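Residue numbers (this note's numbering): 1 to 230. Written out below as structure tokens is the structure these notes cover.
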């Protein structure tokens, strides 16, 4: 089962007034596990080779929260149109910043250059993985499965901002496909879990993968497709 086949979430009550977005979000941190696994209660996707970033979208403007950066948007100005891809205002996303090379492959060196303020090489992209606020209301008390489906419902994927492809239950199969592409990590999110700051325990797990043999870095487009049958 893919993430797209999860039940559609129920929007927040319109009786609740919209609030101003918080200035910062305390991050949830994944727990490292020894190996991939199968579990119908988890959503599996790549552990993206990038920088964690919280995106605040309000009144048509974007603000990015990235560790160690006072003004992350100055290093990634190409992402400013992100709010135009959202069907709602007052949205906070949790995702990963990537920088792609000329062939469309995530390049850690280009990302480090941007984060260090050494120019703006490459092409930035943002892969959203979780929805924390929507319509000016916090949704962290909802289950991850609801938040994820809601994220997919309000974000229209584009060249620079998208939602990653993910699968329910088939962790070992996803891990094999990722390892074959040279991706060295698997993310496993518990569908029933709420978002909470700090260590995630079983709510969010990370497994390291060993590629069968060295190979060129895959393009973002190829990673998003994941060569698996639906």
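Every residue, glycine too, gets a C-beta built ideally from N, C-alpha and C. All of these numbers come straight from a predicted model, not from anything done at the bench.
Of all the beta strand (DSSP E) runs that stay within the bounds of the stretch 117-171, which reach a length of 3 or more residues? 123-134, 161-163, 167-169
So, with DSSP's three-state summary, where would you put residue 66? coil
What first and last residue would you give for the alpha helix (DSSP H) that runs through residue 223? 220-225
Residue 87 and residue 154 look like a contact to me (Cβ under 8 Å); what is the Cβ gap, rounded to whole Å? 4 Å
Going by the DSSP bridge assignment, what does residue 206 pair with across the sheet? 32, 187
If you measure from the beta carbon of residue 182 to each beta carbon in chain B, is any gap under 8 Å? Absence of chain B from the displayed structure is noted, only one protein chain being present.
Counting C-beta neighbours from all protein chains within 10 Å, is the total for residue 210 16 or more, i.e. buried, or is it exposed? exposed
Let me know the secondary structure DSSP gives residue 107 once reduced to three states. coil
For residue 176, which three-state DSSP category applies? helix
Expected contact under 8 Å - CB spacing of residue 143 and residue 191 to nearest Å: 6 Å
How is residue 19 classed by DSSP in three states: helix, strand or coil? coil
Determine contact between the stretch 55-70 and the stretch 191-204, defined as no fewer than three beta-carbon pairs at a distance below 8 Å. no
Taking the C-alpha atoms as reference points, what is the distance between residue 146 and residue 217? 32 Å
I'd like the span of the beta strand (DSSP E) that includes residue 77, first residue to last. Unbroken run through residue 77: none, as it is neither H nor E.
Contacting residues, own chain, Cβ-Cβ under 7 Å from residue 157 (five flanking each side not counted): 163
If you drop the 5 nearest sequence neighbours on each side, which residues of the same chain put their C-beta closer than 6 Å to that of residue 73? 64
Report the rounded CA-to-CA distance for residue 117 versus residue 75, giving the unit in angstroms. 7 Å
Starting from residue 43, follow its DSSP beta bridges and name the residues at the other end. 168, 189
Between residue 152 and the rest of its own chain, which residues show a CB-CB distance below 6 Å, the 5 nearest in sequence each way excluded? 163
Which residues mark the beginning and the end of the beta strand (DSSP E) in which residue 27 is found? No beta strand (DSSP E) contains residue 27, which DSSP labels as neither H nor E.
Please list, in chain order, all residues of the same chain as residue 221 whose beta carbon is under 8 Å from its beta carbon, the five residues on each side excluded. 104
Note down, in chain order, each residue of its chain lying with its Cβ closer than 6 Å to the Cβ of residue 203, except the 5 sequence neighbours on either side. 190, 193
Tell me which residue opens and which closes the beta strand (DSSP E) that residue 56 is part of. 51-58
Using CA coordinates, which residue listed in 225, 224, 90, 186 is at the minimum distance from residue 34? 186
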